[in-house]
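For reference, the structure is listed below as structure tokens.
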């Protein structure tokens, strides 16, 4: 069976996908027009950002043309090229992790120090109270605790460096999986183009010394999509069943680290429906769901019996509605006043009721039109910065002050240049995504539905952040999906740009010849 051919009515799939692309092309176009020309939250210099976008576009187009002319060579030498690329990426990220090392603070400190205590003492130590309040960070802490326990058993003393290495491995693995996805969807050339876009995402490389939920969950986002494509391709029943089990494992582990990973699973389920594959993959799907819920239930039991006091946790725990409530004030970002409000109620049940009441109150105060205007401001905060708040994560007591900090930290001599470079790259990726949506909305592209799962994941994180607390850092683990969609759209954009360039040159040529005569 062809890897990416939907089995349901081609007419229905084409019509549905064109409508789908049209709707979200409008939404994302409106968002990024605001991000580029009326960025009230981050206030970038529009002209500088446009120059940055054009620079990144020119560099990417030149690389694409260069690879297109040597495509046979790339296919023939794929393995050594990929191996060298991954090695260079790993070494580069490891170097950045060393030179940008920090003394962790706030949530990252609790995750790291809690993991160290878990590895060396078997408990969370002084950070137990923190995890009673924020138990959702226990997945990352437990993963790091297992890593640190293994490292300590092997005689490693610098557990921070071990965490940095693991973080770099996570990012490198995520990049390799994105390469594999783009190779499956397109070819070797487009896999390498994806590596280019990931490698040149500067904030992602600067995040290497901070092993927090954003980067630790990133490879799970990519892995879910990659092994889903393998599942679609697989014809042998028992192998499909094993892949279903593995997908359930990946989804559970990823969601325990950062539950937004589950958005990819929802996108995959929607894609199965569109493809007409739901019945064919029913056993794999049931296996995935069983493994997912068994692992979540098992971790909850482990958490309550070995890490936390369940009764005390109920007194301290912050309801999920708290982040929804906080996401309805100002521009939707964190604010200490709401945190104090939630904790002014002594029990978990009272906090839930208080948060729900405040949510209803704020929605009523906005009204329909006011709420839409608020959502526009909020999504600018979520999607309007290409530095993703990484500079705030790596400024916690830098351990090795050096020239890189002049570039990477707010207040550094070259920080403004970094912002322009990073934001231009970010906007270019989304302009390519938007281009692809418009292109598939107005053309009869028979292969457009092959990217439906990735696009639905992008839409999913967009919809999730409409409701949640706003923070540009919350989209970092979805950068692989953004890049996949951008790479898928790039050939059509490149073809149109090349045609426009040729037309422009042809229109100028007679004028030049007349002047020469």
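In the working numbering, the protein residues as written are 3 to 519. Note that the Cβ used here is the ideal one computed from N, Cα and C, for glycine as well. No experiment lies behind these values; they were computed from the predicted model shown.
**OP:** Go to residue 427, then tell me how far its alpha helix (DSSP H) extends in each direction, as first and last residue.
**Re:** 417-444
Original post:
Looking only at C-alpha atoms, which of 62, 74, 104 sits nearest to residue 402?
Top reply: 104
Original post:
Should residue 238 be labelled buried (16 or more other beta-carbon atoms within 10 Å of its own) or exposed?
Top reply: exposed
Subject >> the region 307-326 touching the region 352-361, judged by at least three CB pairs closer than 8 Å >> reply: yes
**OP:** State the start and end residues of the unbroken alpha helix (DSSP H) segment that holds residue 458.
**Re:** 454-469
Original post:
Taking contact to mean at least 3 C-beta pairs separated by less than 8 Å, is the region 299-314 in contact with the region 259-266?
Top reply: no
Original post:
Does DSSP put residue 180 in a helix, in a strand, or in coil?
Top reply: helix
**OP:** Enumerate in chain order the residues of its own chain whose CB-to-CB distance from residue 221 is below 6 Å, with the five nearest sequence positions on each side excluded.
**Re:** 172, 175, 176
Subject >> Close beta carbons around residue 219, own chain, < 7 Å, minus the five adjacent residues each side >> reply: 256, 259, 260, 263, 479
Subject >> Buried versus exposed, by CB contacts within 10 Å (16 or more), residue 5 >> reply: Confidence at residue 5 is low in this model, with a pLDDT of 48, below 50, so its placement is unreliable and the value that follows should be read with caution. Per the 10 Å Cβ criterion, exposed.
Original post:
Which parts of the region 239-275 are runs of the alpha helix (DSSP H), unbroken and 4 residues or longer, counting only runs that do not cross its ends?
Top reply: 239-259
Original post:
Can you tell which of 457, 437, 442 has its C-alpha closest to the C-alpha of residue 32?
Top reply: 437
Subject >> Identity of the residue in 429, 70, 306 nearest residue 51 by Cα >> reply: 429
Subject >> Close-in-space but distant-in-sequence residues of the same chain around residue 327 (CB under 7 Å, 5 per side omitted) >> reply: 340, 357, 360, 361
**OP:** Let me know if residue 3 comes out buried or exposed under the rule of 16 or more other beta-carbons within 10 Å of its beta-carbon.
**Re:** Because residue 3 sits at a pLDDT of 41, beneath the cut-off of 50, its placement in the model cannot be relied upon, and the point is left open.
**OP:** Could you check which residue in 205, 242, 506, 500 has the C-alpha nearest to that of residue 425?
**Re:** 205
**OP:** Taking only the alpha-carbon atoms, compute the straight-line gap between residue 198 and residue 63 and give it to the nearest angstrom.
**Re:** 11 Å
Subject >> Reference residue 252, options 190, 330, 141, 314, closest by Cα >> reply: 141
Original post:
Which runs of the alpha helix (DSSP H) spanning at least 4 residues fall entirely within the region 34-82, listed in chain order?
Top reply: 48-70, 73-78
Original post:
Where do the N-terminal and C-terminal ends of the alpha helix (DSSP H) with residue 357 fall, by residue?
Top reply: 350-385
**OP:** For my contact list, residue 48 and residue 38 are in at a C-beta cut-off of 8 Å; report their separation, rounded to the angstrom.
**Re:** 6 Å
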